[in-house]
Amino acid sequence: MSVPEKLQYPVIPLIREDAAVSDRSYQAKPELMQALGYPGELPTDWKNKVLASMKQQLEKSRALRVFMDSCVQCGACTDKCHYFLGGGDANNMPVARQNLFRSVYRRYFTLAGRWFPWLVGARELTRDVLDEWFNYFHQCSECRRCSVYCPVGIDTSEVTMAGREILSSVGIGQKNTQNVINKVNTIGNNLGMPTAALKDTLAGLEEDLLDETGIPIALPLDQAGAEILLVVPSADFFAEPHVDGLLGCVKVLHASGLSWTFSSVASEAANFGLFSGSHEQMKNIAKRIREAAQQLKVKRIVFGECGHAWRVAYNYLHKLAGPFDFLDQDYPIPQHILEVTVDLIRTEQIVLDKSRNDEYVVTYHDSCNVARGAGLGAEVGGQFEIPREVLRSVCNHFHEMPQGSTHAETFCCGAGGGLLTDELMQTRKQGALPRMSALQQVVENNGVTHMVAICAICKSQFSRIMPEYGYEMDQVLSMHQLVGNALVLEQ
Amino acid sequence: MRAYPNPPVVSEQLLSLILLAAFAVFLLGFIARLIQYWRLPVPFNIPIMPAPKSRLGVLSRLVGETVLFKSLFRANKWTWVFGWSMHFALLLLLGKHLFYVYSVPPLWVAWLMSIGHWLFALFIFGLLGLLLRRIVVQRVRLISAPSDYLMLLLLIAIAVSGYSMHVGAAVNLVEVKYFVAGLLSFEWRELPADWRLVVHLLLVSVLLLIFPFSKLLHAPGLFFAPTLNQVDDTREGKS
């Protein structure tokens, strides 16, 4: 396994064909697939099943059908994917990734492809095609960076998500994603932490907070009647640097005087149904949050720092689990913790001392799902401005990474979309290359010491990958860790 | 005396028939496709963020994409220069053809006629650029199917055959106009027998025929892309 050398940003990569052809996710075991309602193994008439499943996907999504027809193969997206930039495999060019699917679509669902397959790049559906789909659809982090550049609005993630669900329908699932979904279904969160363990963990965190601040600050679980239900990614309960961010959120809520609670039913913000491409799974996972909110009679639902969870919450939650008429309609439903924090800062309800973060010279990594999949606040582009506003309020030294690697054009961390799994380490390293190269610039030019993120996957990926690029694993920080540091708590 | 002999194979009536049939296929196929797209469900909000918060904002986003090719501009300046030139010239060249529809062409059509040479040049510049890019840039070459090259060559051939009618002994445009007027009133009239016109019209027929079955569907497709046409209003409970 090799780490790509950091490049001068921006880069135009040279193609290395099939460079990533062997970077393959582990396949889910038959028992796991069956537990999730899929066939355990490839059925004998898999070809018909795949085509039927394709037809179904094409009929339930205008986006997929239109994207199949609309692509003019102009090449605008070809140098936009972080996996392609980092690894050079031609199939990791977004259009080529789509073409793995489109070529079959053309062969079986269009006149031109049925009559003149050689002319329009149509091809037979074979067992090899399924392997290619499995490999390369799981080398897409669903980050949508390519879609920002597409002149006709094609979003590759819609294609790869449909492709993943089609694969699942014939028993071919990605172990990581399906495993996580199974854990949420059976235990309640992605990390498989039972309620008793969660209680212990929260008690431990309360002690840590008391030691640090000298103030008893509660981390309540299942406290009925609380104003706010806080839903965070389960990694926040113990992973570094996630947990520091969680404690920051807790401090902010404490300082605000609002009552709040975690829920053991919804002890997970993440929704890997988005990654598996299954609307059914996404719905089941989302429903827990509504259930928890109803049970606990809260008035608001607030999501913690998690990228794709926020995308699902922001854009899908009402359709998946609505209506939310029992919540306080004066607040956005759902709300993001940064929206809460920025309101408190703007209305001066919390006191901040920036100088407490003077040891940090920070830059901000826009998490892809927040940047391109959701919004923050009431204004267009709030997902870019609010995190920066908060960061500038709590920190004296902030520098932007180069243009083209931030805001809507931000690079994925390299492990989103279900790719945060050890067997894909090579893919993850390569996928992080553009971000690491952009970071290198502000480290060299501005003396940046830390990169701030607001997504659990970004944080896990960077703390694992940054050492490969010559950084320390603790050079990635949670946004709310800095907020917590600067926050002046009343004794 | 004619500068060019009559085309030996294609009779004028057959040519008119082909043209009409191609146009019918185009129209019906295109409408069928619109209906197909229209009826397909859109399960979720998937606008590419940041997205507009109002319908008016969406309109401006779509205008930005169709008129200025904003996303393409952000992606790649060369592709933008060639692609935009080609589409812009095509639009004006189509406008110029209204000469054959109006009995008395409006001033702007006459003006477009007068700058026809430049439009042709711009069109060819864009097409050749796109073709060259497809051949020279490794990334684009790798994703290109034969039809991707042929489509460009077809457009070049249409443009060259069209332009050639103004070179040398010009085709009698008034006769063409008379023919179109006939078509519009379902009356059979003769086309000037000139191979340049025959070639031009045959190629246009091919283009019309393949339109509803090919990537040329990107034209309506852009407007149907939920990524571009949706309003960012999910939290207001509007969708």
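Those sequence lines, one after another, are chains W and F.
Residues 3 to 493, numbered by the numbering used here, are exactly what the first sequence covers, in order.
Residues 979 to 1217, numbered by the numbering used here, are exactly what the second sequence covers, in order.
Glycine included, C-beta positions come from ideal geometry on N, C-alpha and C.
Beta carbon of residue i nearer than 8 angstroms to that of residue j
| i | j | result |
| --- | --- | --- |
| residue 456 (chain W) | residue 307 (chain W) | yes |
| residue 1125 (chain F) | residue 121 (chain W) | yes |
| residue 1181 (chain F) | residue 1135 (chain F) | yes |
| residue 339 (chain W) | residue 304 (chain W) | yes |
| residue 25 (chain W) | residue 429 (chain W) | yes |
| residue 140 (chain W) | residue 413 (chain W) | no |
| residue 255 (chain W) | residue 207 (chain W) | no |
| residue 1117 (chain F) | residue 459 (chain W) | no |
| residue 40 (chain W) | residue 1213 (chain F) | no |
| residue 1149 (chain F) | residue 1172 (chain F) | yes |
| residue 170 (chain W) | residue 425 (chain W) | no |
| residue 64 (chain W) | residue 1209 (chain F) | no |
| residue 278 (chain W) | residue 190 (chain W) | no |
| residue 124 (chain W) | residue 108 (chain W) | yes |
| residue 164 (chain W) | residue 75 (chain W) | no |
| residue 1159 (chain F) | residue 1102 (chain F) | no |
| residue 1043 (chain F) | residue 153 (chain W) | yes |
| residue 491 (chain W) | residue 257 (chain W) | yes |
Burial state of residue i (16 or more Cβ within 10 Å)
| i | result |
| --- | --- |
| residue 1176 (chain F) | buried |
| residue 488 (chain W) | buried |
| residue 193 (chain W) | buried |
| residue 433 (chain W) | buried |
| residue 151 (chain W) | buried |
| residue 408 (chain W) | buried |
| residue 188 (chain W) | exposed |
| residue 1041 (chain F) | exposed |
| residue 1017 (chain F) | exposed |
| residue 362 (chain W) | buried |
| residue 365 (chain W) | buried |
| residue 1081 (chain F) | exposed |
| residue 1164 (chain F) | exposed |
| residue 310 (chain W) | buried |
| residue 205 (chain W) | exposed |
Inter-residue Cα distance where the pair is residue i and residue j
| i | j | result |
| --- | --- | --- |
| residue 1001 (chain F) | residue 1129 (chain F) | 18 angstroms |
| residue 1052 (chain F) | residue 79 (chain W) | 10 angstroms |
| residue 386 (chain W) | residue 1049 (chain F) | 19 angstroms |
| residue 1036 (chain F) | residue 1205 (chain F) | 10 angstroms |
| residue 186 (chain W) | residue 454 (chain W) | 28 angstroms |
| residue 173 (chain W) | residue 137 (chain W) | 15 angstroms |
| residue 314 (chain W) | residue 276 (chain W) | 7 angstroms |
| residue 246 (chain W) | residue 168 (chain W) | 39 angstroms |
| residue 1025 (chain F) | residue 318 (chain W) | 12 angstroms |
| residue 402 (chain W) | residue 1047 (chain F) | 27 angstroms |
| residue 31 (chain W) | residue 178 (chain W) | 11 angstroms |
| residue 446 (chain W) | residue 471 (chain W) | 14 angstroms |
| residue 1183 (chain F) | residue 995 (chain F) | 10 angstroms |
| residue 33 (chain W) | residue 180 (chain W) | 11 angstroms |
| residue 393 (chain W) | residue 416 (chain W) | 23 angstroms |
| residue 380 (chain W) | residue 1207 (chain F) | 19 angstroms |
| residue 337 (chain W) | residue 359 (chain W) | 26 angstroms |
| residue 1203 (chain F) | residue 156 (chain W) | 7 angstroms |
| residue 114 (chain W) | residue 395 (chain W) | 58 angstroms |
| residue 251 (chain W) | residue 216 (chain W) | 17 angstroms |
| residue 979 (chain F) | residue 1170 (chain F) | Low confidence applies here, because residue 979 (chain F) scores a pLDDT of 40, under 50, leaving its location unreliable; read the following figure in that light. Each residue's Cα considered, the two are about 13 angstroms apart. |
Residue ranges of each alpha helix (DSSP H) within the region 82-151 of chain W, 4 or longer: Counting only runs of 4 or more, we get 84-89, 96-111, 113-117, 119-122, 129-139, 147-151.
Within the region 437-467 of chain W, ranges of the beta strand (DSSP E) (whole runs, at least 3 residues): Entirely contained in the region 437-467 of chain W, the beta strand (DSSP E) runs reaching 3 residues are, in chain order, 452-455.
Continuous alpha helix (DSSP H) assignments of at least 4 residues falling wholly in the region 1080-1125 of chain F: The region 1080-1125 of chain F contains these whole alpha helix (DSSP H) runs: 1085-1092, 1094-1114, 1116-1121.
Start-end ranges of the alpha helix (DSSP H) lying completely within the region 216-291 of chain W, minimum 4 residues: With a minimum length of 4 residues, the continuous alpha helix (DSSP H) runs that stay inside the region 216-291 of chain W are 244-258, 275-278.
Length-filtered (4 minimum) alpha helix (DSSP H) runs lying within the region 1148-1190 of chain F: Whole alpha helix (DSSP H) segments, 4+ residues: 1151-1162, 1173-1188.
Members of the region 1190-1207 of chain F near chain W, C-beta cut-off 7 angstroms: So the close ones are 1191, 1192, 1193, 1195, 1196, 1199, 1200, 1202, 1203, 1204, 1205, 1206.
Every unbroken beta strand (DSSP E) within the region 328-355 of chain W, with a cutoff of 3 residues, ordered by chain: As far as the region 328-355 of chain W is concerned, it has no whole beta strand (DSSP E) run of at least 3 residues.
Residues within the region 1041-1057 of chain F neighbouring chain W, beta-carbon criterion of under 8 angstroms: If you check each beta-carbon in the region 1041-1057 of chain F against every beta-carbon of chain W, the ones closer than 8 angstroms belong to 1043, 1047, 1049, 1050, 1052, 1053, 1054, 1057.
Interface residues of the region 63-74 of chain W facing chain F [CB-CB below 8 angstroms]: Under the 8 angstroms Cβ criterion, the region 63-74 of chain W contributes 63, 64, 65, 67, 68, 69, 71, 72, 73, 74.
The region 1023-1034 of chain F: positions lying closer than 9 angstroms to chain W by Cβ: Those would be 1023, 1024, 1025, 1026, 1027, 1028, 1029, 1030, 1031, in chain order.
Residues of the region 1114-1146 of chain F with Cβ closer than 8 angstroms to any Cβ of chain W, in chain order: Taking 8 angstroms as the Cβ-Cβ cut-off against chain W, the residues of the region 1114-1146 of chain F that qualify are 1115, 1116, 1117, 1118, 1120, 1121, 1122, 1123, 1124, 1125, 1126, 1128.
Near-chain F residues of the region 355-389 of chain W - C-beta to any C-beta below 9 angstroms: So the list reads 372, 373, 374, 375, 376, 377, 380, 381, 382, 383, 384, 385, 386, given in the order they occur along the chain.
Short-range partners of chain F found in the region 47-60 of chain W, where Cβ spacing is below 7 angstroms: Under the 7 angstroms Cβ criterion, the region 47-60 of chain W contributes no residue.
Short-range partners of chain W found in the region 1008-1022 of chain F, where Cβ spacing is below 7 angstroms: Residues of the region 1008-1022 of chain F with a C-beta atom less than 7 angstroms from some C-beta of chain W are 1015, 1018, 1019, 1020, 1021, 1022, listed in chain order.
Proximal residues, the region 155-168 of chain W versus chain F, C-beta separation under 8 angstroms: Correct list: 155, 156, 157, 160.
Start-end ranges of the alpha helix (DSSP H) lying completely within the region 148-193 of chain W, minimum 4 residues: List check, alpha helix (DSSP H) in window: 158-171, 177-188.
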